[in-house]
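Student: For the sequence shown, this note's numbering assigns the number 14 to the initial residue and increments by one for each residue that follows. Attaching a single structure in structure tokens format; questions to follow.
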Amino acid sequence: MEESHEQKEFIHWLTENGAIFPKIKFIKNGVYSTDIINENNEYEIFASIPFSIIINDKIANKNLPYLKDLSSSNYYSSLIIFLIHEKLLGEKSFYSPYINILPKHINSLLNYDENQINYLLKGTDIENFVIERRLQLKNCYEEILERLPSDGLLLKEKMTCIVTSRSFPNRFIDPDDPDPKEVLIPLADSLNHKPRQKITWEFSDGNSMQLIAGETIECGKEIYNNYGPKVRNFD
């Protein structure tokens, strides 16, 4: 199956900016292997993503200096506002090939109303998490609404779901930052989730994120991320 126009543009943007992923292709909403990966179970690096294309609060604040005035407790605010700003820029945005492949619709628990939470999540471990995260985002929204242009309001919920569902801990990119901030990493966040998948994140060179397969992935199979691995240290 052929990649979509948006996926081809995204792949071109990635390679033009230094990303390396020789055994990867995009099919519909997933990432698949074009060749066997880690055939000998020796922790093969199958993707390398330079920090120059990530989006974190430093990038957001550099491009939109007024974001520095946001509350330090609402770590999502700057990323959400920055994504909305870049989306409104359209093709003028450096990140447009990335933004264009982001999901059009996201079914997030954070969008559930109180009745849905009580009916579906009552008594589960995730109930308190959803309630606490919704409260955090409510405070975040108040800051966002004060700074958004009117044509950006309709993008608020979508970009919130993007940031909360696809971001990685920023401490891997900036170990000296004491705050629990988040970072968006194009390509890495394109992999779908699968529990206990043997994928490791490596950041030892200080300039890129490397995705490492800890088990054999046959040609043509979907490549998953587990979004909770320990970082492997090769030193």
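Where is the CB? At the ideal position from N, CA and C, for every residue including glycine. Quick caveat, the model's predicted, so the values are computed rather than measured.
Going by the CB atoms, is the gap between P110 and L27 shorter than 9 Å?
Tutor: yes
Student: Three-state secondary structure (DSSP) at N239?
Tutor: coil
Student: Please return the same chain residues whose Cβ sits closer than 7 Å to the Cβ of D48, not counting the five positions on each side in sequence.
Tutor: Once the five neighbours on either side are set aside, the close Cβ partners of D48 are K36, C232.
Student: Considering L224, what are the terminal residues of the beta strand (DSSP E) in which it resides?
Tutor: From DSSP, the beta strand (DSSP E) with L224 extends over 221 to 226.
Student: Just grab the DSSP bridge partners of G43 for me.
Tutor: I40
Student: Based on the DSSP output, what are the partners of N205 in its beta bridges?
Tutor: Y237
Student: Any contact of the region 173 to 180 with the region 194 to 209, i.e. 3+ C-beta pairs under 8 Å?
Tutor: These segments touch.
Student: Which stretch, first to last residue, makes up the alpha helix (DSSP H) that contains F95?
Tutor: 90 to 102
Student: Residues in the same chain with beta-carbon distance under 7 Å from R209, minus the five sequence neighbours each way, listed in chain order, please.
Tutor: N239
Student: K243 to P188, Cα distance in whole Å?
Tutor: Low confidence applies to K243: its pLDDT is 42, below 50, so where it sits in the model is not reliable, and the reading given next is rough at best. Straight-line Cα distance between these residues: approximately 15 Å.
Student: How would you call H206, buried or exposed, if buried means at least 16 neighbouring beta carbons within 10 angstroms?
Tutor: In the assembly as shown, H206 is an exposed residue. Its beta-carbon has fewer than 16 other beta-carbons within 10 Å.
Student: Shortest alpha-carbon distance to E29 belongs to which of L168, D82, S65?
Tutor: Measuring from the Cα of E29, the nearest candidate turns out to be S65.
Student: Can you look up F64 in the DSSP assignment and give me helix, strand or coil?
Tutor: The answer is helix: DSSP assigns F64 an H, G or I state.
Student: How would you label D82, buried or exposed, when you count the other beta carbons within 10 angstroms and need 16 or more for buried?
Tutor: exposed
Student: For I62 versus S217, is the C-beta spacing smaller than 9 Å?
Tutor: no
Student: Use the C-beta contact count for E15: other C-beta atoms within 10 angstroms, 16 or more gives buried, fewer gives exposed.
Tutor: exposed
Student: In whole angstroms, what is the alpha-carbon distance linking E52 and I236?
Tutor: For E52 and I236, the distance between alpha carbons rounds to 14 Å.
Student: Considering only residues of the region 161 to 200, which uninterrupted alpha helix (DSSP H) runs meet the minimum length of 4 residues and lie entirely inside it, listed in chain order?
Tutor: The region 161 to 200 contains these whole alpha helix (DSSP H) runs: 169 to 179.
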